[in-house]
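Numbering (our numbering), first residue to last: 259 to 342. Where a beta carbon is used, it is the ideal one built from N, C-alpha and C, also for glycine.
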Amino acid sequence: MPFDPDKDKVLKKWKCDETGLIVTINQYDKGEAKLQIGPRILKKQDGTDRAPAKAGRLTIEDVLWLYDIMDDIKDELTDLQKPE
259 MPFDPDKDKV LKKWKCDETG LIVTINQYDK GEAKLQIGPR ILKKQDGTDR APAKAGRLTI
319 EDVLWLYDIM DDIKDELTDL QKPE
């Protein structure tokens, strides 16, 4: 079965304004919801967004931000795993 982008859904999204790191909860078709770390969207000098780039290695700012939102991420994933 080939990948179908129409079945790939972003259920929840967080963005770190300081570092441009994006964290999302994604689900493919009816599969399990999973956490994705990245990409990173940096700003150009004129203030507009650059093209998305791989998250790469995380800075201490990224780690502290992830730590701050981890309870929200955990709660969202837990709620999505509950049987309907």
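Taking a contact to mean a Cβ-Cβ separation below 7 Å, would you say R308 touches L316 in this structure?
Between R308 and L316, the C-beta gap is not smaller than 7 Å, which leaves the two residues out of contact.
8 Å CB neighbourhood of Q294 in its chain, flanking five on each side removed:
Shown here for Q294: same chain residues with a beta carbon closer than 8 Å to its own, the five before and five after excluded, namely V281, T282, I283 and N284 in chain order.
Do you know how far the Cα of R298 is from the Cα of A311?
The alpha-carbon separation between A311 and R298 amounts to approximately 5 Å.
Is the Cβ-Cβ distance between E276 and E319 less than 7 Å?
Judged by beta-carbon spacing, E319 lies within the 7 Å limit of E276, meaning their Cβ atoms are closer than that value.
Do you know offhand how far K265's Cα is from L279's?
Taking the straight line from one Cα to the other gives about 24 Å.
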